[in-house]
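J.: Under our numbering, read the sequence shown as residues 1 to 332, first letter to last. Every residue, glycine too, gets a C-beta built ideally from N, C-alpha and C.
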Amino acid sequence: MDADGWATEFESMSAFDSQYGKRSGYVKPIIDNLGNVLNSNWYISASVPQSFTFEAGLPISIIPIGDDDKSYDGGKPTIFGDHGNPQVRSDTIYGNKTLNGLGVFTYPYLQMGASFFHFRAVIRGMYIPSISELRRFSLFGLGFQYSFGHFFQYMLPKAAQPLDVSLVYGYNSSSIGYRPGDFDGELKLDISTHDFSFVIGYKPVNFFEVMMSLGYQSAEMLSYGELYQEEANVFGNSIRTNDICPDVTVKGNNGFRFGIAIALQISSLHPVIGYDYAGKSSFTTNVLYFKQQFGKDKTPDEIAKDKGYVRGAKTEETPAEEVSAESAEGEE
1 MDADGWATEF
11 ESMSAFDSQY
21 GKRSGYVKPI
31 IDNLGNVLNS
41 NWYISASVPQ
51 SFTFEAGLPI
61 SIIPIGDDDK
71 SYDGGKPTIF
81 GDHGNPQVRS
91 DTIYGNKTLN
101 GLGVFTYPYL
111 QMGASFFHFR
121 AVIRGMYIPS
131 ISELRRFSLF
141 GLGFQYSFGH
151 FFQYMLPKAA
161 QPLDVSLVYG
171 YNSSSIGYRP
181 GDFDGELKLD
191 ISTHDFSFVI
201 GYKPVNFFEV
211 MMSLGYQSAE
221 MLSYGELYQE
231 EANVFGNSIR
241 TNDICPDVTV
251 KGNNGFRFGI
261 AIALQISSLH
271 PVIGYDYAGK
281 SSFTTNVLYF
291 KQQFGKDKTP
301 DEIAKDKGYV
311 RGAKTEETPA
321 EEVSAESAEG
331 EE
């Protein structure tokens with residue numbers, strides 16, 4: 001530990017190299033939080049119109065950093081964990097001072113999409129050039145959605161017609177490069193996530209919708225690259241020390257995902273605010289989002305009329321007595 005009781009840069013970065021011990025739990029909160037953030041904001045409505053629709057915005061998901069992010073294996077500090085007492089000799093590797101100071105974890109990105117005939121495609125991305133210790137950052141995501149309401153809404157009672165159901169899939173691939181201040185080389189992280197969800201929505205009025213999602217998510221962080229320090233020996237020659245060869249793969253909060261959200265449509269502005277749970281809580285604050293529909297879809301009543309469907313009608317059957325009488329007359 002350093003003079004203040006925090007982990008040194010070498011101690012923190014060495015958790016990515018299995019030769020220094022199996023400490024994947026030390027860095028697991030990174031992918032736990034990052035996976036939850038990236039698997040958010042894939043849907044803005046349970047309904048996908050038949051007419052052409054375009055959308056774009058800046059979704060943001062916010063995850064509070066809690067006590068569960070700061071320890072693992074019964075109390076060992078993670079990279080988000082607290083510091084120790086520098087006056088007490090200890091083999092414990094404590095938290096990183098910078099990451100410990102984070103109150104929330106967030107990850108903004110640009111997103112746009114289009115839909116037609118109840119099928120929606122979404123792309124998202126972000127790129128940041130080398131800035132200080134952050135050597136590179138890129139994100140690419142691709143999502144799909146299909147809504148099924150047009151198959152059954154026209155058969156429902158009037159009060160239930162605003163109900164819709166859709167299937168959503170989202171994939172993200174992100175690449176991060178990091179170089180601590182006292183090191184040469186680069187720690188490289190490749191992040192991949194998947195999300196499958198069923199979304200149920202109810203829109204009592206055109207400008208307001210409440211939604212619930214149930215599904216499965218996965219996230220994985222692969223580390224590679226090389227980090228090292230250079231020092232001068234007694235002869236004045238430069239030698240490499242503290243070599244770190246990242247090789248650890250860590251899985252995030254893989255499993256069940258649940259979400260609730262509300263969406264508004266105010267002219268072309270389409271803000272969405274929601275809550276998700278996938279191993280931990282997160283909040284979606286997708287307020288800078290725009291959606292424009294070009295054309296107007298048929299109402300459930302208009303669809304029922306086109307199909308010749310009469311809601312609540314019963315097929316009239318000929319009574320058995322009449323059938324028997326008709327048969328007897330035919331024999332005569």
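(1) Taking C-beta to C-beta, are Leu-222 and Phe-258 nearer than 7 Å?
(2) Helix, strand or coil for Ser-324? Go by DSSP, reduced to three states.
(3) Quick one: what does DSSP say Ala-278 is sitting in, helix, strand or coil?
(4) Can you tell me whether Lys-188 is helix, strand or coil according to DSSP?
(5) What are the boundary residues of the alpha helix (DSSP H) that Val-37 is part of?
(6) Starting from the Cα of Thr-285, find the closest Cα among Val-37, Asp-32 and Asn-33 and give me that residue.
(7) Three-state secondary structure (DSSP) at Ala-114?
(8) Quick one: is Phe-87 buried, meaning 16 or more other Cβ sit within 10 Å of its Cβ, or exposed?
(9) If you draw a straight line from the alpha carbon of Arg-179 to that of Gln-229, how long is it in whole angstroms?
(10) Measuring straight from C-alpha to C-alpha, what distance separates Ile-131 and Trp-6?
(11) Do you know how far the Cα of Asn-237 is from the Cα of Arg-136?
(12) Please classify Leu-99: is it buried, with 16 or more other beta-carbons within 10 angstroms of its beta-carbon, or exposed?
(13) Looking at C-alpha atoms only, which residue of Gly-170, Thr-8 and Ser-174 is the closest neighbour of Gly-113?
(14) Using the three-state DSSP reduction, which class does Asp-243 fall into: helix, strand or coil?
T.: For this structure:
(1) no
(2) The predicted position of Ser-324 is uncertain, since its pLDDT is 48 and thus under 50; no value can be drawn from it.
(3) coil
(4) strand
(5) 24-38
(6) Val-37
(7) strand
(8) A small correction: the amino acid at residue 87 is Gln; Phe does not occupy that position in the sequence shown. It is exposed - the Cβ of Gln-87 has fewer than 16 other Cβ atoms within 10 Å.
(9) 11 Å
(10) 24 Å
(11) 31 Å
(12) buried
(13) Gly-170
(14) strand
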